[in-house]
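Undergrad: Counting in the working numbering, the sequence shown runs from 344 upward without gaps. Backbone N, C-alpha and C fix where the C-beta goes; we use that ideal spot for every residue, glycine too. Here it is, the structure, as structure tokens.
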Amino acid sequence: MNITPLHDKVVIKAITKDETTASGIILPDTVDQGRPEQGEVISVGPGRVLDNGSLSKMSVQPGQKVLFKKYAPDEIKIDKEEYLVVADSDILAVIN
Numbered sequence: 344m345n346i347t348p349l350h351d352k353v354v355i356k357a358i359t360k361d362e363t364t365a366s367g368i369i370l371p372d373t374v375d376q377g378r379p380e381q382g383e384v385i386s387v388g389p390g391r392v393l394d395n396g397s398l399s400k401m402s403v404q405p406g407q408k409v410l411f412k413k414y415a416p417d418e419i420k421i422d423k424e425e426y427l428v429v430a431d432s433d434i435l436a437v438i439n
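Written out as structure tokens, the structure reads:
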């Protein structure tokens, strides 16, 4: 997949949650697992244009795993794959 977001946007592939609980209970498909909050960065835009005309540095890089605001992403589909697009400022943390 070759996509480059504009401005301060980040393309993320959601990390799906396990369908088995910590105690070994298998969750059925009907259980609402909610919106994703974690993912792997696929690509990043060049940065936000500041008032002085320079670009702000992006805080994440492709390949990093991140935690982001639950309702921030826009959902997109490319070649039957689902991705999320979030603003750099909506990313809360890098997961190590």
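Please determine, among Asp351, Lys408, Ala365 and Ile355, the residue with the shortest C-alpha to C-alpha distance to Ile419.
TA: Ile419 has its Cα closest to that of Ile355, out of Asp351, Lys408, Ala365 and Ile355.
Undergrad: Between the alpha carbons of Asp351 and Glu424, how many angstroms are there, rounded?
TA: When rounded, the distance between both Cα atoms is 22 Å.
Undergrad: Counting only the same chain and skipping the five closest in sequence on each side, list residues whose C-beta sits under 8 Å from that of Ala430.
TA: These residues qualify, in order along the chain: Asp351, Lys352, Val353 and Ala415.
Undergrad: Between which two residues does the beta strand (DSSP E) carrying Ile368 extend?
TA: Unbroken run through Ile368: none, as it is neither H nor E.
Undergrad: Leaving aside the five residues before and after Lys408 along the sequence, list all residues of the same chain whose C-beta is less than 6 Å from its C-beta, in chain order.
TA: Glu383 and Ile438, listed in sequence order.
Undergrad: Is Ile368 buried or exposed, if buried means 16 or more other CB atoms sit within 10 Å of its CB?
TA: When all chains shown are included, Ile368 counts as exposed.
Undergrad: Let me make sure I understand the geometry here. Which of Asp433, Thr359 and Leu427 has the alpha-carbon closest to that of Ser402?
TA: It is Asp433.
Undergrad: Could you pull the DSSP bridge partners for Ser402 from this structure?
TA: DSSP output for Ser402 lists no bridge partner at all.
Undergrad: Would you say Leu410 and Leu427 are within 8 Å of each other, going by their C-beta atoms?
TA: Contact flag unset, no.
Undergrad: With distances taken Cα to Cα, identify the nearest neighbour of Thr359 among Ser386, Ala365 and Gln381.
TA: Checking every option, the nearest Cα to that of Thr359 belongs to Gln381.
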